[in-house]
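Notes follow the structure.
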Amino acid sequence: MKTRRFFSFCALLLFSALTIIYFPGDRLDAAPWFRSSNYWGSDGQDGRSGRDGRDGIDGVNQVIYAEGAPLNFDLSGSDGRDGDDGEYGESAICPIYWDRPERNINGADGGDGGHGGDAGRGGNGGNVTIFYQQPQDLRSVFINNSGGLAGESGRGGYGGEGCDCYHNSWRIKTCEWEEKTRADGTTYQEEKCKRKTYYCRDGSDGRDGRDGQIADDGRFGQVTLVQNYTDIPRENPVKRASVAQLENTGVTLSKNIWRSQSGLLSKLAGGSRVPNNYKEHVEFVEVPVSLVWQAAQPKANFNDAEFELRLGDRRDLSAKQTGDLWLDYDVMRQGEGYKVTVKRAIAKSDATQLIRQSVNGEGRDLKMTLVDLGQYPDWINTDFRVIYRTRNPNPEFREGYTYTSRYEADLDPAYFEKNGEEFLLHLGDLPMNFKYLQSGTGVEIEVKATRSFADNSTTQIISWIGVLP
104 MKTRRFFSFC ALLLFSALTI IYFPGDRLDA APWFRSSNYW GSDGQDGRSG RDGRDGIDGV
164 NQVIYAEGAP LNFDLSGSDG RDGDDGEYGE SAICPIYWDR PERNINGADG GDGGHGGDAG
224 RGGNGGNVTI FYQQPQDLRS VFINNSGGLA GESGRGGYGG EGCDCYHNSW RIKTCEWEEK
284 TRADGTTYQE EKCKRKTYYC RDGSDGRDGR DGQIADDGRF GQVTLVQNYT DIPRENPVKR
344 ASVAQLENTG VTLSKNIWRS QSGLLSKLAG GSRVPNNYKE HVEFVEVPVS LVWQAAQPKA
404 NFNDAEFELR LGDRRDLSAK QTGDLWLDYD VMRQGEGYKV TVKRAIAKSD ATQLIRQSVN
464 GEGRDLKMTL VDLGQYPDWI NTDFRVIYRT RNPNPEFREG YTYTSRYEAD LDPAYFEKNG
524 EEFLLHLGDL PMNFKYLQSG TGVEIEVKAT RSFADNSTTQ IISWIGVLP
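For the sequence shown, position 349 (counting from the first letter as 1) is numbered 452 according to our numbering, and the numbering increases by one without interruption.
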């Protein structure tokens, strides 16, 4: 609730009866406590925002060797600090004005409250790896790797009060003498008076500062159990290997196998503060990979072809062949390992030997013939995408002739046929306006051929620009 300031009763009577007479050459100056011609009083200062609370410190990570002797580890995260409260905004300074000025005035504003500081988060508990031989040895290990508590966020400060007007409005009478002329030519002075209403607007209260952001408590650290090892074996689950290397010596991939378990609280010393879920080392696996060449093509031409081999969590092997030497192969289990069997092999360049042989026919009989000059046309799968454009009749000043697309889509197998190394594309059957297929039409035909062999693919573009026969 704002506190209003009151004049004495006599002063109020004086104000209500006050009339200001304006004489030429005189000027009513603003009272010195008006900050400008429109304001009275002084704005309150904004409150300072509170400092953010410091985050808690994470617990240290720890490697433990459990051998039956009692062990005690406090790896907890520390608590976060509280954010400071924001300061209150100052109320405006509102001096009593002893006059009603000849202008509208605004009261000074209160200062804004400062924002509360953000809370500091709790520190996370440290991660723990425990190496052990016998499960009962874990019962001698006490661990606290809980997270710290978050601090409290600071409260925003209240805004200060603005200046309230003592009078919402008032009227000022001003008079001046005006010279008049009588009928006989003599002059006289006549007083002219007018009244004008002026207004006062209350100053605004300052805005309250916002409270600081709430923070999260720290998390438990992760616990990992490793039995029958004193260190985690170094793994190598990904390798790149050439055909020659795989056939001559083979390669071995290795990987640590893990699984998530629950029930940790029942395994450690009573009273331990740890998460009930933990990660357990299951085994360390080594998987040999070899290659058998069954392709009719000479292996010497493909010795440098490479595989990227990757061992999965379930001992599954993924083999991805890379480079410009393309292989068709199978991956099969063989004992504790895998065997890669290569059945066919081509160079990538064999898949980019399409050429345009002819464009003939007109109207619905328009056809394009493509020929594959590669060694293995029957091994390569081909999909087509056709872009058919017609030439605009009038050339542009700078660009020359331009073309407008009339059809663009992947080509359904119903629109082309394959005979050995030859492809016949039935362009006249495409769903487009017949006028774009008529003889004498200038066209640009672009055929994008996607050529695939085994898991490899590449794209070749064949274009033709001309006038339909």
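Just so you know, even glycine gets a beta-carbon here, dropped at the ideal spot from N, CA and C. Note that this is a predicted model, so its numbers are computed, not measured.
Subject >> the segment 438-453 in contact with the segment 518-529 per 3-pair CB rule at 8 angstroms >> reply: Contact annotation: the segment 438-453 does not touch the segment 518-529, with fewer than three C-beta pairs closer than 8 angstroms.
Original post:
Around the C-beta of F537, are 16 or more other C-beta atoms found within 10 angstroms, so that it is buried, or is it exposed?
Top reply: Within the sequence shown, residue 537 is the residue found at index 434, counting from 1. So F537 counts as exposed.
Subject >> Proximity of G262 and D320 at Cβ, strictly below 8 angstroms >> reply: By 1-based counting over the sequence shown, the position of residue 262 is 159. By 1-based counting over the sequence shown, the position of residue 320 is 217. No.
Subject >> Per-residue DSSP class, three states only, for I124 >> reply: The residue given as residue 124 occupies position 21 in the sequence shown. Here I124 scores only 35 on pLDDT, less than 50, and its place in the model should not be relied on; the value that follows carries that caveat. Residue state, collapsed to three classes: coil.
Original post:
From this set, Y302, V231, K295 and R242, which residue's C-alpha is nearest I208's C-alpha?
Top reply: Taking the sequence shown and counting its residues from 1, the one referred to as residue 208 is at position 105. Answer by Cα proximity: Y302.
Original post:
In terms of alpha-carbon separation, which member of L428, I233 and D334 lies closest to K402?
Top reply: In the sequence shown, counting from the first residue as 1, residue 402 sits at position 299. Selected option, being the one with the closest Cα: L428.
Subject >> Own chain, CB closer than 6 angstroms to N380, minus 5 neighbours either side, in chain order >> reply: Residue mapping note: residue 380 aligns to position 277 of the sequence shown, counting from 1. Only S365 meet the Cβ criterion.
Subject >> 8 angstroms Cβ cutoff met for G210 and C268 >> reply: Residue 210 sits at position 107 when you count from the first residue of the sequence shown. Residue 268 sits at position 165 when you count from the first residue of the sequence shown. In contact: G210 and C268 (Cβ atoms closer than 8 angstroms).
Subject >> Segment limits, beta strand (DSSP E) that includes N351 >> reply: On the sequence shown, position 248 is the one that residue 351 refers to. No beta strand (DSSP E) contains N351, which is instead part of the alpha helix (DSSP H) from V346 to N351.
Subject >> Residue nearest to D419 in terms of C-alpha spacing, selected from R447, V390 and N271 >> reply: Against the sequence shown, residue 419 aligns to sequence position 316. The shortest C-alpha separation from D419 is found at V390.
Subject >> Span separating the alpha-carbon of P534 from that of P516 >> reply: Counted from its first residue, the sequence shown places residue 534 at position 431. Counted from its first residue, the sequence shown places residue 516 at position 413. Approximately 14 angstroms between the Cα atoms of the pair.
Original post:
What whole-angstrom Cβ distance do H218 and G259 have, given they're in contact under 8 angstroms?
Top reply: Residue mapping note: residue 218 aligns to position 115 of the sequence shown, counting from 1. Residue mapping note: residue 259 aligns to position 156 of the sequence shown, counting from 1. Correct: roughly 5 angstroms between the Cβ atoms.
Original post:
What is the residue span of the beta strand (DSSP E) that G545 lies within?
Top reply: The sequence position of residue 545 within the sequence shown is 442, counting from 1. Residues G545 to F556.
**OP:** Provide the residue span of the beta strand (DSSP E) that contains N484, from first to last.
**Re:** One-based indexing of the sequence shown puts residue 484 at position 381. First-last of the beta strand (DSSP E) with N484: N484 to R494.
Original post:
By a C-beta neighbour count over all protein chains shown, 10 Å radius and 16 as the cutoff for buried, is R184 buried or exposed?
Top reply: Position 81 of the sequence shown, counting from 1, holds the residue named residue 184. Classification for R184: buried.
Original post:
Which value, in whole angstroms, describes the spacing of the CA atoms of T507 and Y491?
Top reply: Along the sequence shown, one-based indexing puts residue 507 at 404. Along the sequence shown, one-based indexing puts residue 491 at 388. Each residue's alpha carbon lies about 8 angstroms from the other.
Subject >> As assigned by DSSP and simplified to three states, the class of A454 >> reply: Start at 1 with the first residue of the sequence shown, and residue 454 comes out as number 351. In this structure, A454 counts as helix in the three-state DSSP scheme.
Original post:
How would you write the range of the beta strand (DSSP E) that D158 sits in, first residue to last?
Top reply: As a first step, residue 158 must be located in the sequence shown, where it is residue number 55. Element bounds for D158: n/a, residue is neither H nor E.
Original post:
Would DSSP call Y332 helix, strand or coil?
Top reply: On the sequence shown, position 229 is the one that residue 332 refers to. If DSSP states are grouped into helix, strand and coil, Y332 belongs with coil.
**OP:** Measure the CB-CB distance between L394 and V346 and report whether it falls below 8 angstroms.
**Re:** Reading the sequence shown from its first residue, position 291 is the one you call residue 394. Reading the sequence shown from its first residue, position 243 is the one you call residue 346. Yes.
**OP:** Please report the Cβ distance between P397 and V445, rounded to the nearest whole angstrom; I am assuming they are in contact, meaning their Cβ atoms lie under 8 angstroms.
**Re:** Stepping through the sequence shown from its first residue, residue 397 is reached at position 294. Stepping through the sequence shown from its first residue, residue 445 is reached at position 342. Here the sequence assigns Gln to residue 397, which means Pro is not the residue at that position. So it is a contact: roughly 6 angstroms between Cβ atoms.
**OP:** Could you say which of N351, A253, V434 and T485 lies nearest to K551 if we only look at CA atoms?
**Re:** For the purposes of this step, residue 551 is taken as residue 448 along the sequence shown, with counting starting at 1. Residue T485 is the option with its Cα nearest to K551.
**OP:** Output the distance between the C-alpha atoms of G265 and R274, rounded to the nearest integer angstrom.
**Re:** For the purposes of this step, residue 265 is identified with residue 162 of the sequence shown, where counting begins at 1. For the purposes of this step, residue 274 is identified with residue 171 of the sequence shown, where counting begins at 1. For G265 and R274, the distance between alpha carbons rounds to 24 angstroms.
Original post:
Is the beta carbon of N230 sitting closer than 8 angstroms to the one on Q330?
Top reply: Within the sequence shown, residue 230 is the residue found at index 127, counting from 1. Within the sequence shown, residue 330 is the residue found at index 227, counting from 1. Their beta carbons are not under 8 angstroms apart, which means N230 does not touch Q330 by this criterion.
**OP:** Alpha carbon to alpha carbon, how far is E547 from W567? Give it in angstroms, no decimals.
**Re:** The residue labelled residue 567 in the question sits at position 464 within the sequence shown. The residue labelled residue 547 in the question sits at position 444 within the sequence shown. Using only the alpha carbons, I get a separation of about 6 angstroms.
Original post:
Taking three-plus beta-carbon pairs below 8 angstroms as touching, is the segment 241-251 in contact with the segment 277-287?
Top reply: no
Original post:
Quick one: Cα of T327 to Cα of V377, how far?
Top reply: Along the sequence shown, read from residue 1 onward, the residue named residue 327 stands at position 224. Along the sequence shown, read from residue 1 onward, the residue named residue 377 stands at position 274. So the alpha carbons of these two residues sit roughly 11 angstroms apart.
**OP:** Express the C-alpha separation of R362 and S256 in angstroms, rounding to a whole number.
**Re:** Residue numbering aside, residue 256 sits at position 153 when the sequence shown is read from its first letter. Residue numbering aside, residue 362 sits at position 259 when the sequence shown is read from its first letter. Their Cα atoms are separated by approximately 39 angstroms.
**OP:** Kindly indicate which three-state DSSP category Y269 falls into: helix, strand or coil?
**Re:** Within the sequence shown, the letter at position 166 stands for residue 269. Y269 falls in the coil class under three-state DSSP.
Original post:
Nearest CA to the CA of G426: which residue from T561, C296, V392 and G543?
Top reply: Numbered from 1 along the sequence shown, position 323 holds the residue referred to as residue 426. It is T561 whose Cα lies nearest to the Cα of G426.
**OP:** Run the CB neighbour count on R554, radius 10 Å, all protein chains shown included, and call it buried at 16 or more, exposed below.
**Re:** Walking along the sequence shown from the start, residue 554 turns up at place 451. With 16 or more Cβ atoms within 10 Å of its Cβ, R554 is classed as buried.
**OP:** Locate the beta strand (DSSP E) running through Q148, then write down its first and last residues.
**Re:** For the purposes of this step, residue 148 is taken as residue 45 along the sequence shown, with counting starting at 1. From DSSP, Q148 is part of no beta strand (DSSP E); its letter is neither H nor E.
Original post:
Expressed to the nearest angstrom, what Euclidean distance is found between the alpha-carbon atoms of R436 and I335?
Top reply: Taking the first residue of the sequence shown as position 1, residue 436 is located at position 333. Taking the first residue of the sequence shown as position 1, residue 335 is located at position 232. Roughly 27 angstroms separates the two Cα atoms.
**OP:** Return yes when the Cβ of I317 is within less than 8 angstroms of the Cβ of A222, no when it is not.
**Re:** Here residue 222 is taken as the residue at index 119 of the sequence shown, counted from 1. Here residue 317 is taken as the residue at index 214 of the sequence shown, counted from 1. Yes, the Cβ-Cβ distance between A222 and I317 is below 8 angstroms.
Original post:
What is the rounded straight-line gap between the Cα of L371 and the Cα of R157?
Top reply: In the sequence shown, residue 371 corresponds to position 268, counting from 1. In the sequence shown, residue 157 corresponds to position 54, counting from 1. About 33 angstroms.
Original post:
What separation, rounded to the nearest whole angstrom, lies between the Cα atoms of A169 and F176?
Top reply: Numbered from 1 along the sequence shown, position 66 holds the residue referred to as residue 169. Numbered from 1 along the sequence shown, position 73 holds the residue referred to as residue 176. Taking the straight line from one Cα to the other gives about 12 angstroms.
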